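The structure appears right after this line, and notes come after that.
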């Protein structure tokens, strides 16, 4: 029994560490359909901008920001800081583009945000 | 990103992973290669440091790097034990540099080991006269093992035909105030016996004992906390701020 515990504890600890380090793909899969679903809010915002619904776009951008804030707290342990910073920078530019009602730049930033999201953890 | 928190978590991961890996690799020197130990230590440390603080990359690849190095060393250890030929190839063999009191220059040349190195290592072993040495062997880890000439070896009870009694290994019974019950069982004694013994040393409570060790002859040595040593010799040479 003692020998079992002797080997069991380090194995469990290492397994936990592995889980923390590769949790990004699990988190990204599990947030679909929740209030943390970043991709969903990106798609909604794209839709709003394509239909020139700027007020709805402002609202969905806020929801996107909130979702990102929630999910980034979980993702931060398993992804690169640079990727997170790039994603946040493109979201900041997106807000500016929406305020200026600049359709092309807003769409560019949304696709860039989506690209950074897909690149997280790769 | 909450950078201090992430560094903290990654630091915990790196620290405990290193601890577990070091424990798994065991006590032996890694393949008896001192220089390789040094390189291994630096590499592992560097990887662990990157794992902790390099937030520009994921922790996972660094962790895999740690495991790879530790795994390679572990494999090397196992193969060295199973295959003598492999061990010789990787680790090398000890080399005799002094034989029957004579220096083997050929062996020294092969090892790129000069007279200065030999004399230095002899001095480290407290040998200041090379003529005292019968055998000197340069080990695979770079250490020099020496055997002095018989008439210069320290006297032993056997030389004097004196029968020496074995004192055996001391067994701790109290450690930092706590009774080690497992060790008491080992010597077929119990707490009541121990407390009776401690009374002889004017100890009422085992918690007052820093260390209590019993030897094979049944002699108990007790070291209490706050032993009244009259004057502790100060070996420092700094008198302190004036």
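Protein chains in written order, with my numbering: chain L, 2 to 123; chain B, 1064 to 1305.
The beta-carbon is built from N, C-alpha and C at its ideal position, and this holds for glycine as well.
All of these numbers come straight from a predicted model, not from anything done at the bench.
Cα-Cα separation, residue i to residue j
i	j	result
residue 20 of chain L	residue 61 of chain L	32 Å
residue 1218 of chain B	residue 1195 of chain B	15 Å
residue 45 of chain L	residue 1121 of chain B	30 Å
residue 1166 of chain B	residue 1253 of chain B	59 Å
residue 1186 of chain B	residue 81 of chain L	54 Å
residue 10 of chain L	residue 1210 of chain B	46 Å
residue 1094 of chain B	residue 65 of chain L	With a pLDDT of 48 at residue 1094 of chain B, under the threshold of 50, the predicted position of this residue should be treated as unreliable, though the coordinate-derived value follows. Cα-Cα distance, rounded: 55 Å.
residue 1069 of chain B	residue 1259 of chain B	55 Å
residue 1180 of chain B	residue 1215 of chain B	23 Å
residue 8 of chain L	residue 1136 of chain B	20 Å
residue 50 of chain L	residue 89 of chain L	19 Å
residue 1178 of chain B	residue 1213 of chain B	24 Å
residue 1242 of chain B	residue 1276 of chain B	11 Å
residue 97 of chain L	residue 105 of chain L	12 Å
residue 34 of chain L	residue 25 of chain L	17 Å
residue 30 of chain L	residue 39 of chain L	11 Å
Terminal residues of the beta strand (DSSP E) in which residue i lies
i	result
residue 105 of chain L	Taken as a continuous stretch (DSSP letters only), residue 105 of chain L belongs to no beta strand (DSSP E), being part of the alpha helix (DSSP H) at 104-120.
residue 1162 of chain B	1158-1162
residue 1235 of chain B	1234-1238
residue 1284 of chain B	1283-1287
residue 1275 of chain B	1272-1277
Classification of residue i by the beta-carbon crowding that lies within 10 angstroms, buried from 16 upward
i	result
residue 1245 of chain B	exposed
residue 1110 of chain B	buried
residue 1142 of chain B	exposed
residue 1087 of chain B	exposed
residue 84 of chain L	buried
residue 1294 of chain B	exposed
residue 136 of chain L	Absent from the structure is residue 136 of chain L, since the part of chain L shown begins at 2 and ends at 123.
residue 1270 of chain B	exposed
Proximity test, residue i beta-carbon vs the ligand PLP heavy atom, cut-off 6 Å
i	result
residue 96 of chain L	Of ligands this structure carries none, so the ligand PLP is not represented either.
One or two residues paired with residue i in a DSSP bridge
i	result
residue 1196 of chain B	B/1211
Boundaries of the alpha helix (DSSP H) in which residue i is found, first to last residue
i	result
residue 1 of chain L	The requested residue 1 of chain L does not occur in the structure, where chain L is confined to residues 2 to 123.
residue 16 of chain L	3-22
residue 1141 of chain B	1122-1145
residue 1302 of chain B	It is not in any alpha helix (DSSP H) - residue 1302 of chain B carries neither H nor E in the DSSP assignment.
residue 123 of chain L	Taken as a continuous stretch (DSSP letters only), residue 123 of chain L belongs to no alpha helix (DSSP H), as it is neither H nor E.
residue 1251 of chain B	It is not in any alpha helix (DSSP H) - residue 1251 of chain B carries neither H nor E in the DSSP assignment.
residue 91 of chain L	82-100
Query raised in the report: Three or more beta-carbon pairs under 8 Å between the stretch 1199-1207 of chain B and the stretch 1158-1175 of chain B, yes or no?
Result: Touching, per the Cβ criterion.
Report task. Please name the residues in the stretch 21-41 of chain L whose beta-carbon is closer than 9 Å to at least one beta-carbon of chain C, in chain order. Result -> No chain C is part of this structure, whose protein chains are labelled L and B.
Query raised in the report: Counting pairs of Cβ atoms below 8 Å between the stretch 1265-1283 of chain B and the stretch 1223-1237 of chain B, do you hit three or more?
Result: Yes: at least three Cβ pairs fall under 8 Å.
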